[in-house]
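Below: the structure, in structure tokens.
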């Protein structure tokens, strides 16, 4: 196989690295469990290094068949909360001292990951966010975060509902309970563990390592799990979830990849790996759709000569029929003998035109004559689009997210109304 064909063997999943300091030098890394799972289910992880300027070079990583975002520092609060949750300087310093490894904001990583998240949302590229990756997804859609769960959420909870979301002394071993929401992907993946739909059995123990989390969930998402203190531990877009069709937009606050026994390395539950398995299934399906689309484009390009000939014949017929209909040539078109020759040769080589074909050719002639009117209307449409884009460009992420949610809801309502009318029509 030629080297140029190697990239078509398996779909590509982009993963952004995290930067740390080792021996006075920066080192980029990605958790090995993420990479192992992506490879084991049939995709290739492509690591996007956290280096300055990469957010402007994301086109160089095409084709992108999936994006997995995971570990990292806190997201810059100015991207979702301009008021900084009204923390006092003393409280902010206390948070920084307690979570020193996470509160060092990395704006370059924020730029890279937010750009990738928005790209996935625009193109419906499969996206899986773990921990910080779920927070990036929510912020990209206009949601907000708790800048510190302990100071914003836990202090207002009854003692029995308080949850330890981070244990620096036991990263892999720490667990806390979450309640799974019925009829969600998470419920389907852990169905064997959860048993029937009895509320008392709708709980699993998850690995947790974070001091921030979703505060206001973006409108397009639906929760899949909650911690006892009310924190959303998983969410997804139901309109963009169908792994078999290449659709997957999801965020998990907990770490299913790290829910393993220390001695055997086996998962706590059979469903732990399902997020990665279904994600890669969607990635593979998306890659097939993308490859099919590109093959069609390639086939069309291969027939450029034939397409050019077809256009010449159509133009020749249009001119000829226009002359026939009006009894004179079109004053707006410079008619040359060569332009009529293509149609004449075609007629010599084929049978006489049917009445339907003749009618169609007359319509083509009318289309040519009305071309100037169409162009004027097109210019007006482009001007309106330009004005609309200018207005939209000034809107905030939150406003854009709400507008998208509104039109999606209106589309759904229109579809339901249309179905009712069609059903009533058929019944009558």
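In the working numbering, the protein residues as written are 4 to 431. Just so it is clear, CB atoms sit at the ideal spot from N, CA and C, and this is done for glycine as well.
- In its chain, beyond the 5 residues on either side, 273 have a beta carbon closer than 6 Å to the beta carbon of residue 195.
- One alpha carbon belongs to residue 142, the other to residue 285, and they sit about 23 Å apart.
- Sorting 148, 60, 67, 394 by C-alpha distance to the C-alpha of residue 81 places 148 at the top.
- With a contact defined as Cβ atoms closer than 8 Å, residue 244 and residue 238 miss out at about 11 Å.
- Judged by DSSP secondary structure, residue 182 falls within the beta strand (DSSP E) whose first and last residues are 178-183.
- If you look at residue 78, you'll find it isn't in any alpha helix (DSSP H); DSSP assigns it neither H nor E.
- Under DSSP, residue 207 shares a beta bridge with 181.
- Taking the CA atoms as reference points, residue 17 sits about 49 Å from residue 427.
- Two segments are said to touch when three or more pairs of C-beta atoms, one from each, lie closer than 8 Å; by this definition the stretch 110-120 does not touch the stretch 172-191.
- DSSP, read as helix, strand or coil, puts residue 218 in strand.
- For the set 157, 74, 166, the Cα lying nearest the Cα of residue 34 is the one of 74.
- Taking the Cβ atoms as the reference, residue 240 lies roughly 16 Å from residue 219, outside the contact range of under 8 Å.
- Contact between residue 227 and residue 166 is absent: CB atoms are separated by about 17 Å, not below the 8 Å threshold.
- Approximately 17 Å separates the beta-carbon atoms of residue 19 and residue 42; this is outside 8 Å, ruling out the contact.
- In this structure, the straight-line span from the alpha carbon of residue 264 to that of residue 138 is close to 27 Å.
- According to the DSSP assignment, residue 39 belongs to no beta strand (DSSP E) but to the alpha helix (DSSP H) extending over 35-43.
- Classified as exposed, residue 107 has fewer than 16 neighbouring CB atoms from the shown chains inside 10 Å of its CB.
- Around the C-beta of residue 39, fewer than 16 other C-beta atoms lie within 10 Å, and the residue is accordingly described as exposed.
- Classified as buried, residue 77 has 16 or more neighbouring CB atoms from the shown chains inside 10 Å of its CB.
- Taking all protein chains shown into account, residue 398 has fewer than 16 neighbouring C-beta atoms within 10 Å of its C-beta and is therefore exposed.
- For the 7 Å CB-CB criterion, residue 132 and residue 56 do not form a contact.
- DSSP places residue 132 inside the beta strand (DSSP E), whose first and last residues are 130-133.
- For residue 236, the uninterrupted beta strand (DSSP E) run begins and ends at 235-245, by DSSP.
- Here the alpha carbons of residue 207 and residue 192 stand approximately 12 Å from one another.
- Under the three-state reduction of DSSP output, residue 273 falls in the helix class.
- The beta-bridge partner set that DSSP reports for residue 19 consists of 51.
- For residue 121, the enclosing alpha helix (DSSP H) stretches over residues 110-126.
- In the structure shown, the three-state DSSP call for residue 295 is helix.
- For residue 189, the enclosing alpha helix (DSSP H) stretches over residues 188-192.
- Here the alpha carbon of residue 293 sits roughly 29 Å from the alpha carbon of residue 413.
- The continuous alpha helix (DSSP H) containing residue 153 extends over residues 152-155.
- Residue 284 carries a helical assignment under DSSP once its states are collapsed to helix, strand and coil.
- The residue among 213, 127, 119 with its C-alpha nearest the C-alpha of residue 151 is 213.
- Residue burial is scored here from C-beta neighbours: residue 425 has fewer than 16 other C-beta atoms within 10 angstroms and is therefore classed as exposed.
- Note that the C-beta distance between residue 181 and residue 230 is below 7 Å.
- Residue environment analysis places residue 295 among the exposed positions, since fewer than 16 neighbouring C-beta atoms fall within 10 angstroms of its C-beta.
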